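Here our numbering is used: the first residue of the sequence shown is 7, the next is one more, and so on.
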Amino acid sequence: MGSWNLTYLSKDEIYKIHQASLDILSEIGIKVDHMEIHKKMKEHGAEETSDHRLLLSNEIVEEAIKKSCKKYTIYARNPKHNLEVGNGKPRFLSSGGQVWIVNSLRKERRKPTVNDLQHAITIGDALENINIVGAMVIPQDIPLGVRSVYVYSELIKRSSKVVFSWIEDPREATFVLRMFEVISGGEDEHKKKPMIWYFCEPISPLKFRYESLEILRLFCSKGLPVTFGPMVQAGSTGPVTLAGTLALENAEILAGVTIAQILSPGIPVEYGGIPHIADMRNLNISFGSPEQIIMAIAMVQIGKSYGFPVHVNTGLTDSNIPDAQAGLEKCASMLASALAGAELFGHLGIAGADQGASLEQLIIDNEIAGYVKRVLKGFEVNEETLALNLIKERHGIGSFTGTKHTLKHMRKEQWFPELLNRDPWENWVSKGSKDLLIKAAEAKDRILKEHEIEKLDQQLEKEINRIVKEAFKVLL
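See the structure below:
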């Protein structure tokens with residue numbers, strides 16, 4: 007069966023990066039822009055510097071790592087879509103939300119609307135390999151102060167899978183959690199069976215802003231899972247050397263873990279190792295560089311050395327449309343990080359380096375994810391699969407196609423793409439000589455026409471709508 011262990015770092019190198027991260031936290035410290043949490047950190051042993059940074063000792067950090075829950079479940083509306091986190095299996099996430107939507111065929115982009123959001127959710131819900139349905143777009147025709155609430159209400163109503171979007175405002179977070187508590191049966195039941203987690207992004211280098219910390223405090227107060235995912239940019243917000251960026255990224259993650267465990271000991275944590283490079287020719291962030299692959303593999307190794315499930319930013323590209331560059335960069339990084347043992351891959355469906363969301367790209371990314379999953383699956387070697395008797399029987403005939411053995415094993419042994427071309431030239435031409443982008447656009451239209459969402463209970467939907475209405479009244 008499939009077995010993989012793609013690595014870059016030796017055990018000694020992992021230890022050196024770990025020690026460098028501890029030195030960063032104990033000698034430089036972190037900026038915690040939240041008075042209550044700052045005070046609580048000091049009460050638990052953090053030392054305050056003259057410029058109000060908090061120094062974290064090795065003992066505090068390592069104790070937090072030990073306390074963290076590293077295996078847990080995120081629950082979906084339909085239990086068949088529940089996600090076990092920490093079991094080593096890959097999970098694929100569509101983008102949490104972009105502020106542009108790209109028409110890849112026309113090579114145009116515009117501000118997204120509620121209609122675009124609804125289409126994106128429908129497509130994510132339909133795609134086989136999308137385990138977590140991200141919003142893909144943040145609709146710009148919804149007022150700024152309630153966008154997270156509105157987006158999550160649409161996700162809840164339109165997908166029975168685990169869902170995800172960004173939460174930037176602590177006031178909105180309260181309403182978002184209320185919606186999940188409604189559909190899970192109350193606050194206590196939601197704590198037992200969480201349906202949402204918070205993705206906390208420190209500001210590199212070494213700063214946690216008030217809004218992120220207040221949302222983190224809210225999630226911790228309810229015992230809900232959290233992910234820490236800094237996006238240190240090598241050469242910009244971190245050292246240009248990859249080792250230095252890895253040490254800083256890891257330090258920021260461990261700082262987040264420490265804060266979370268002080269707020270709520272034993273809270274579930276995912277390790278979000280998502281550093282990038284800044285292209286030194288123009289300081290643009292890169293989503294598709296080979297260094298992205300190297301750092302993703304290293305981050306998987308570092309995160310797994312602590313026992314954490316690891317989220318990586320792979321399956322991404324710098325190309326603004328689904329072209330050969332996009333295919334090269336996305337498949338290379340997704341496959342490499344999967345072979346390293348990453349569990350969560352995101353964010354699929356992004357055009358370029360956060361240049362917008364492409365629904366055609368999401369459909370292609372779903373195909374890439376299926377490709378990668380087949381590689382991870384491997385194959386069995388036993389008496390049945392070696393098929394020696396069959397080879398003896400059929401070698402003179404020359405064909406194994408029509409045998410019972412072939413019919414029995416073909417779907418298990420082979421992966422059959424939905425979009426990738428395997429037709430010879432004449433057949434391809436007879437079907438319209440379509441490239442992958444055209445096929446993806448056709449698949450998008452077909453899904454939007456045919457896919458039936460699993461509707462939310464009417465009473466629950468009414469309560470969700472009531473909470474959204476209240477949020478509009480209170481927050482605007």
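Beta carbons: idealized from backbone N, C-alpha and C, even for Gly. Keep in mind it's a predicted model, so treat the numbers as computed, not measured.
Consult DSSP for Thr-251 and reduce its assignment to one of helix, strand or coil. Thr-251 falls in the helix class under three-state DSSP.
Please report how far the alpha carbon of Pro-296 lies from the alpha carbon of Asn-326, in whole angstroms. Near 18 Å, if we compare the C-alpha coordinates of Asn-326 and Pro-296.
For Trp-172, which of Val-188, Ser-165, Val-152 has the nearest alpha-carbon? Closest by C-alpha distance to Trp-172, out of Val-188, Ser-165, Val-152, is Val-152.
Beta-carbon contacts of Gly-241 that lie in its chain and below 7 Å, excluding the five residues immediately before and after: Ile-283, Ala-284, Met-286.
Beta bridge counterpart(s) of Asn-109 as assigned by DSSP: Beta-bridge partners assigned by DSSP to Asn-109: Glu-114.
Beta-carbon within less than 7 Å of Glu-54's beta-carbon, same chain only, minus the 5 sequence neighbours each way: which residues are those? The residues are Lys-48, Leu-60.
Could you please give the first and the last residue of the uninterrupted alpha helix (DSSP H) stretch that includes Phe-225? Per DSSP, Phe-225 is one residue of the alpha helix (DSSP H) stretching across 216-227.
Candidates Gly-191, Val-318, Gly-358, Ser-154: which alpha carbon is nearest Val-108's? Restricting attention to Gly-191, Val-318, Gly-358, Ser-154, the CA atom closest to the CA of Val-108 is found in Gly-358.
Taking Cβ positions, are His-40 and Glu-220 nearer each other than 8 Å? Cβ atoms of His-40 and Glu-220: closer than 8 Å.
Would you mind reading off the limits of the beta strand (DSSP E) that contains Glu-90? Segment 89-91, the beta strand (DSSP E) holding Glu-90.
From Thr-180, Ala-330, Ile-356, residue whose alpha carbon lies closest to that of Arg-115: Ranking Thr-180, Ala-330, Ile-356 by CA distance to the CA of Arg-115 puts Ile-356 first.
Terminal residues of the continuous beta strand (DSSP E) containing Ile-5? The structure shown does not extend to residue 5, since the chain is modelled only from 7 to 482, so the question has no answer here.
Contact between the stretch 125-141 and the stretch 166-182 (3+ Cβ pairs under 8 Å): Touching, per the Cβ criterion.
At what residues does the alpha helix (DSSP H) containing Glu-476 begin and finish? Unbroken alpha helix (DSSP H) run through Glu-476: 464-481.
Would the stretch 95-113 count as touching the stretch 175-190 if we require 3 or more Cβ pairs under 8 Å? Judged by Cβ distances under 8 Å, the stretch 95-113 makes no contact with the stretch 175-190, as fewer than three pairs qualify.
Quick one: residues in its chain with C-beta nearer than 7 Å to the C-beta of Gly-321, no 5 flanking neighbours on either side, listed in chain order? Beyond the five residues adjoining it in sequence on each side, Gly-321 comes within less than 7 Å, by CB distance, of Lys-336, Ser-339, Met-340, Phe-351, Leu-354, Asp-371, Ile-374 in the same chain, given in chain order.
Ala-449 and Leu-425 look like a contact to me (Cβ under 8 Å); what is the Cβ gap, rounded to whole Å? Confirmed, about 7 Å.
Are there 16 or more other CB atoms within 10 angstroms of the CB of Gly-102, so buried, or fewer, so exposed? Buried is the call here.
With respect to 7 Å, is the separation between the Cβ of Gly-313 and the closest non-hydrogen atom of the ligand COA below this value? Annotation note on the ligand COA: not contained in the displayed structure, which lists no ligands.
Compute the Euclidean distance between the alpha carbons of Val-435 and Lys-17, then round it to the nearest angstrom. Going by the C-alpha atoms only, they are around 53 Å apart.
Answer yes or no: do Leu-368 and Pro-96 have a C-beta to C-beta separation smaller than 8 Å? Against a cut-off of 8 Å, the Cβ pair of Pro-96 and Leu-368 comes out as no contact.
Which runs of the beta strand (DSSP E), 3 residues or longer, sit entirely within the stretch 134-161? Segments of the beta strand (DSSP E) lying fully in the stretch 134-161: 138-140.
Identity of the residue in Gly-402, Trp-203, Leu-442 nearest Ile-80 by Cα: The candidate whose alpha carbon is nearest that of Ile-80 is Trp-203.
Does Val-387 pass the burial test, meaning 16 or more other C-beta atoms within 10 Å, or should it be called exposed? Exposed: under 16 other Cβ atoms inside 10 Å.
In whole angstroms, give me the CA-to-CA distance for Ile-43 and Gly-262. Distance between the alpha carbons of Ile-43 and Gly-262: 12 Å.
Under a three-way DSSP split, which group does Arg-83 fall into? Coil.
Would you decide whether Tyr-312 is buried or exposed? Buried here means 16 or more other CB atoms lie within 10 Å of its CB. Buried, since its Cβ has 16 or more Cβ neighbours within 10 Å.
Could you check if Thr-247 is buried or exposed, using at least 16 other CB atoms within 10 Å of its CB as the buried criterion? Answer is exposed; the Cβ neighbour count stays below 16.
Kindly indicate which residue of Ile-127, Ser-343, Leu-396 has the alpha-carbon position closest to the one of Gly-309. Ranking the options by Cα distance to Gly-309, first place goes to Ser-343.
If we require 4 or more residues per run, which alpha helix (DSSP H) segments fall completely within the stretch 323-389? 330-346, 365-383, all fully within the stretch 323-389.
Buried or exposed: which applies to Gln-420, given that a residue is buried once 16 or more other Cβ atoms fall within 10 Å of its Cβ? With fewer than 16 other beta carbons inside 10 angstroms of its own, Gln-420 counts as exposed.
Is it buried or exposed, Ala-330, if we count other Cβ atoms within 10 angstroms and call 16 or more buried? Classification for Ala-330: exposed.
What residues in its chain sit with their C-beta under 6 Å from that of Arg-83, if we drop five residues either side in the sequence? Once the five neighbours on either side are set aside, the close Cβ partners of Arg-83 are Ser-166.
Which runs of the alpha helix (DSSP H), 4 residues or longer, sit entirely within the stretch 415-447? Every alpha helix (DSSP H) of 4 residues or more that sits fully in the stretch 415-447 is shown, in chain order, as 431-436.
Where the beta strand (DSSP E) through Leu-99 begins and ends: Segment 97-100, the beta strand (DSSP E) holding Leu-99.
Cβ neighbour criterion (16 or more within 10 Å) applied to Gly-35: Note on Gly-35: 16 or more other CB atoms within 10 angstroms of its CB, so buried under the neighbour-count rule.
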